[in-house]
Each structure stands twice: as C-alpha cells, then as structure tokens.
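Numbered as in our numbering, the sequence shown ends at 472 without a single skipped number.
Where is the CB? At the ideal position from N, CA and C, for every residue including glycine.
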Amino acid sequence: MHKDDFHLADGCYLLSHSVGRALKSSQQHFTEHYFAPWQSSNKEPWQHWLAALEQFTNALSVLFNAPSEQFCPQVNLSSGLTKLLMAHPKLQQKNCKVLMAQSDFPSMGFAMQKALPSCAEIIFIPEHETLTDINVWQRYLTHDIDLVFISHVYSNTGVQAPVHDIVALSKVTNSLSIIDVAQSAGVIPLDITALNADFMIGSSVKWLCGGPGAAYLWVNPQQISNCEPKDVGWFSHQTPFEFDINHFAYNSSALKFWGGTPSVAPYIIAAHSIGYFAQLGVEKVREHNLAMLAVIHQQLAEFVVSPSASEQCSGTVILDFKQQQAQVLTALSDANISVDARALGIRVSPHIYNSEADIHEFISVVKQALKGAE
Ligand SMILES: Cc1ncc(COP(=O)(O)O)c(C=O)c1O
Numbered sequence: 099m100h101k102d103d104f105h106l107a108d109g110c111y112l113l114s115h116s117v118g119r120a121l122k123s124s125q126q127h128f129t130e131h132y133f134a135p136w137q138s139s140n141k142e143p144w145q146h147w148l149a150a151l152e153q154f155t156n157a158l159s160v161l162f163n164a165p166s167e168q169f170c171p172q173v174n175l176s177s178g179l180t181k182l183l184m185a186h187p188k189l190q191q192k193n194c195k196v197l198m199a200q201s202d203f204p205s206m207g208f209a210m211q212k213a214l215p216s217c218a219e220i221i222f223i224p225e226h227e228t229l230t231d232i233n234v235w236q237r238y239l240t241h242d243i244d245l246v247f248i249s250h251v252y253s254n255t256g257v258q259a260p261v262h263d264i265v266a267l268s269k270v271t272n273s274l275s276i277i278d279v280a281q282s283a284g285v286i287p288l289d290i291t292a293l294n295a296d297f298m299i300g301s302s303v304k305w306l307c308g309g310p311g312a313a314y315l316w317v318n319p320q321q322i323s324n325c326e327p328k329d330v331g332w333f334s335h336q337t338p339f340e341f342d343i344n345h346f347a348y349n350s351s352a353l354k355f356w357g358g359t360p361s362v363a364p365y366i367i368a369a370h371s372i373g374y375f376a377q378l379g380v381e382k383v384r385e386h387n388l389a390m391l392a393v394i395h396q397q398l399a400e401f402v403v404s405p406s407a408s409e410q411c412s413g414t415v416i417l418d419f420k421q422q423q424a425q426v427l428t429a430l431s432d433a434n435i436s437v438d439a440r441a442l443g444i445r446v447s448p449h450i451y452n453s454e455a456d457i458h459e460f461i462s463v464v465k466q467a468l469k470g471a472e
C-alpha cells in the first residue's frame with residue numbers, strides 16, 4: 099500500500115541507509131511552497147518561505163516528541179557538530195576529553211579533530227568492542243570524559259547503541275551527550291524528550307526520504323543558555339530584523355545556531371516527507387522493517403554478521419558472503435536489486451516501500467548466485 103506513495107523504479111531498492119526514495123507528492127508540494135510564492139506575485143516570497151521553514155521544525159517536533167523551538171535547521175551533521183563543539187564552554191577547555199567510537203561515521207571524527215581545541219583528547223572505542231553492550235560503554239565512559247558522542251545506529255555494522263543506558267550513564271559521569279540519528283531517524287522510534295540527551299544531530303536523507311541539505315540540531319532546553327555559537331548571522335539573532343550592526347543578542351531558542359540567510363528548498367522537501375513519516379508513525383516503519391529483516395535472518399542466517407535482536411539491530415542487515423561476495427553483488431546488480439557493500443559485507447535495508455515479495459526475490463537471487471559459485 100505504502101509502495102504507491104513513493105517513486106520506485108523497476109527492480110528492488112534496498113538502499114534506504116544511503117538515500118530514501120522520494121515521495122510522489124514531494125514535487126507538487128515543492129512547486130506550491132517554493133516556486134509558486136516566488137513566481138506568482140511581486141511580493142517578496144520570504145514570508146511564505148519562513149512559514150515553510152517552520153513546517154520543518156514542526157515536523158521534527160512531532161517525529162521526536164520535543165517542542166519545535168528546540169530544533170534548528172542545519173546543512174548537514176558535520177556542520178551542526180562543529181557549531182555545537184565550538185559553542186559549549188566545556189568543550190573549548192584546553193584539556194577537554196571526548197569519547198566516541200571507531201565505528202562512528204568518519205565525518206564526525208573529522209569535525210571533532212578540527213573543532214575541539216588542538217590539545218583536546220579524543221578516545222575511540224575500538225572496533226572489536228561490542229557497542230550494544232552497556233558494560234563496554236561503562237568501561238570507557240569515566241568521570242573525566244567531558245562529552246560522549248553516540249551514534250544511535252552505526253552505518254557499516256548494523257548495530258544499534260543502547261542510547262538510553264548510555265545517556266543515563268553520562269548523567270552519572272557528568273559528561274555531555276550528543277546523539278547522531280543520521281541512520282536511525284525514520285526507522286527506529288526515538289522520543290528525545292524522554293531520552294534527555296544534551297544534543298542530537300540528524301539529517302533527512304536516508305529513512306526519512308527527504309533529500310540532502312535538510313539536517314537539524316536539537317538542543318536540550320537545559321543547555322540552551324550554556325551555548326554561545328561562534329558561527330552566527332542575522333537568523334541567530336533574537337530579533338533578526340532589528341538591523342543594528344552594533345547590537346547582537348542570541349536567539350533564546352535553538353535558532354541561535356542558525357546563521358545567515360538560510361537555504362529554503364531542501365527544508366520544504368524534507369518537511370513534507372518528515373510530516374508523512376510522523377503521521378504514519380515510525381513504530382509502523384520499524385515493525386515492517388523488522389518483519390522483513392526476520393525473513394532475511396531466517397533464510398540467510400549463516401551470512402548475517404549484524405545483530406538480530408530487535409533492540410540491538412539497526413534497520414540494515416549486513417551479510418558477509420566472503421569469497422562469493424563478488425558473484426552475489428553481480429547477480430543482484432543483474433537482477434536490478436540495489437544494495438551496496440562495506441568492509442563487513444553487503445548492506446540491505448528494507449523500508450516501508452519494500453514488500454515481502456521484494457525480500458523473497460532478493461533471497462532467491464542470492465541463493466542462485468551462491469549455487470552458481472559452488
Ligand atoms: C551515522 C552517520 N552520521 C553522519 C552521517 C553524515 O554526516 P554529514 O551529514 O555531515 O554528511 C552519515 C552518513 O551516512 C551517517 O551514516
């Protein structure tokens with residue numbers, strides 16, 4: 099049923115961990131809210147565009163259960179992370195110590211290395227450690243850690259971190275916490291108010307099907323007044339239209355992280371698709387995703403290298419076909435089934451628009467390729 103709502107080409111698309119498919123209704127929504135106000139009158143379109151931008155934070159508010167003023171649009175996660183690190187006094191201390199994982203998305207590590215003071219220490223939990231295990235986090239998250247960076251989901255391993263337990267631990271160690279939801283938003287439900295992390299960064303490009311350029315930053319209300327962003331502009335100002343070059347006052351909401359004249363187009367597209375998933379319910383997407391993953395786990399059990407328990411697995415299953423990997427990839431490509439491969443194996447991500455028939459087709463092509471390779 100939901101398949102009809104999305105643009106799907108022939109074949110089978112299992113790459114939602116990379117780019118989610120566009121909604122069929124997105125193009126018309128974009129024309130109406132981006133081009134129409136710009137083309138159809140002599141009035142400047144900003145009033146309409148600013149209202150459309152508000153739709154973006156309103157949609158995030160429903161999706162993550164937090165007031166919309168706690169969200170700020172960002173271009174991508176790296177930029178949002180850089181702004182955060184430079185804004186918080188605790189993270190600009192000379193000897194600041196940060197904990198993250200070797201399996202985090204590399205761009206997050208790059209931003210850390212450049213935005214923290216040069217003598218800051220970044221500790222990486224090594225790849226061999228089990229990131230689903232809170233005891234592992236407990237060993238590394240000690241009282242001297244100023245910030246813990248947690249990927250809700252690790253993009254290459256199909257692992258989901260126990261975010262609730264880690265955030266609870268960070269309160270005991272008095273460490274700040276940042277959650278990266280790039281790979282979980284839209285497939286794994288998250289109530290950010292209940293989680294009570296300090297910050298969250300995410301995007302709309304993957305399971306939320308909202309395209310690139312529409313990332314976001316969430317700031318816990320208890321942290322807002324502690325943050326003094328350095329990368330500012332008139333849209334970070336409490337009264338952007340004051341136009342007094344000698345007076346700048348931070349916006350009292352998360353919009354203090356905004357900056358200069360914002361881009362509009364990506365947020366109009368993303369607001370529409372986030373609204374779609376907020377209304378559908380991420381629980382429903384996850385239920386479907388888990389049902390499809392269960393079929394793969396059952397049929398291709400010996401090749402699965404990602405966790406299988408629902409609270410430990412991401413929306414993506416990782417399959418390692420070892421020496422037969424190349425044959426499997428060729429067979430999938432010939433059958434027009436879209437997946438990709440990383441160091442641990444092939445990544446397969448069933449979304450709400452993938453039917454059970456798609457998954458059976460995928461399994462059948464894999465099994466035939468394995469037989470042929472014998
Ligand atoms: C876990 C995770 N974080 C971050 C990103 C992307 O960060 P950015 O928006 O800065 O490109 C990705 C992209 O795949 C990701 O998987």
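Using 6 angstroms as the cut-off, classify the Cβ of residue i as near or not near the heavy atoms of ligand 1, replying yes or no.
i, result
"asparagine 174", "yes"
"aspartate 278", "yes"
"glutamine 422", "no"
"phenylalanine 222", "no"
"glutamine 200", "no"
"glutamine 321", "no"
"glutamine 258", "no"
"phenylalanine 203", "yes"
"glutamine 281", "yes"
"serine 431", "no"
"serine 404", "no"
"serine 334", "no"
"serine 301", "yes"
"serine 159", "no"
"serine 253", "yes"
Buried or exposed: which applies to residue i, given that a residue is buried once 16 or more other Cβ atoms fall within 10 Å of its Cβ?
i, result
"asparagine 140", "exposed"
"isoleucine 343", "exposed"
"valine 117", "exposed"
"histidine 127", "buried"
"histidine 241", "exposed"
"histidine 345", "exposed"
"valine 196", "buried"
"serine 123", "exposed"
"cysteine 217", "exposed"
"lysine 101", "exposed"
"arginine 237", "exposed"
"threonine 473", "In the structure displayed, the chain extends from 99 to 472; residue 473 sits before or after that span and is not available."
"methionine 198", "buried"
"valine 380", "buried"
Among the options, which residue has its Cα nearest to the Cα of residue i?
i, options, result
"glutamine 125", "Leu427, Gly309 and Val383", "Gly309"
"proline 319", "Cys110, Ala164, Ile248 and Ser114", "Ala164"
"phenylalanine 203", "Ile450, Ser431, Val403 and His250", "His250"
"proline 171", "Ala150, Pro187 and Leu189", "Ala150"
"threonine 228", "Asp418, Ser404 and Ala455", "Ser404"
"alanine 424", "Gly311, Ala313, Gly470 and Val383", "Gly470"
"valine 393", "Val380, Gly379 and Val415", "Val415"
"leucine 417", "Val402, Asn193 and Phe460", "Val402"
"valine 362", "Gln396, Leu293 and Ala313", "Ala313"
"serine 253", "Asp263, Gln281 and Asp329", "Gln281"
"glutamine 200", "Met210, Trp147, Ser114 and Gln191", "Met210"
"alanine 292", "Leu427, Val261, Lys188 and Gly331", "Val261"
"serine 231", "Lys382, Val279, Thr155 and Gln410", "The sequence as given places aspartate at residue 231; serine does not occur at that position. Of the listed residues, the one whose Cα sits closest to aspartate 231 is Gln410."
"histidine 458", "Arg440, Ala433 and Lys420", "Ala433"
Apart from the five residues on each side of it in sequence, which residues of its chain come closer than 6 angstroms, Cβ to Cβ, to residue i?
i, result
"serine 177", "none"
"alanine 213", "Thr180, Leu183 and Met184"
"isoleucine 315", "Note that residue 315 corresponds to leucine in the displayed sequence, not to isoleucine. The answer, listed in chain order, is Cys170, Gln172, Gly178, Ile299 and Phe355."
"serine 205", "Ser176"
"alanine 429", "Val463 and Ala467"
"serine 408", "Leu388"
Leaving out five residues before and five after residue i in sequence, what residues of the same chain have Cβ atoms less than 7 angstroms from its Cβ?
i, result
"alanine 157", "Ala369, Ile372, Gly373 and Ala376"
"leucine 106", "Arg119 and Tyr451"
"serine 273", "Leu239, Ile243, Asp244, Leu245 and Val246"
Regarding residue i and ligand 2, is the C-beta to nearest heavy atom distance less than 6 angstroms?
i, result
"phenylalanine 247", "As far as ligands go, the structure on display features ligand 1 and does not contain ligand 2."
> Unbroken alpha helix (DSSP H) runs of length 4 or more, entirely within the region 105 to 176: which are they?
Replying inline: Taking 4 residues as the minimum length, the alpha helix (DSSP H) runs contained wholly in the region 105 to 176 are 124 to 128, 134 to 137 and 144 to 162, in order along the chain.
> What beta strand (DSSP E) runs, 3 residues minimum, are completely inside the region 440 to 471?
Replying inline: Fully enclosed beta strand (DSSP E) runs of no fewer than 3 residues occupy 443 to 446 of the region 440 to 471, in order along the chain.
>> Just to confirm the assignment: which complete beta strand (DSSP E) runs, minimum length 3, are found wholly within the region 220 to 264?
In response: Here the runs fully enclosed are 245 to 249.
> Where in the region 316 to 356 do unbroken runs of the alpha helix (DSSP H), each at least 4 residues long, occur, reported from the N-terminal end onward?
Replying inline: Taken in chain order, the complete alpha helix (DSSP H) segments of 4 residues or longer contained in the region 316 to 356 are 319 to 322.
> Unbroken beta strand (DSSP E) runs of length 3 or more, entirely within the region 381 to 432: which are they?
Replying inline: Segments of the beta strand (DSSP E) lying fully in the region 381 to 432: 415 to 417.
>> At 4 residues or longer, what runs of the alpha helix (DSSP H) sit wholly inside the region 269 to 311?
In response: Fully enclosed alpha helix (DSSP H) runs of 4 or longer: 290 to 293.
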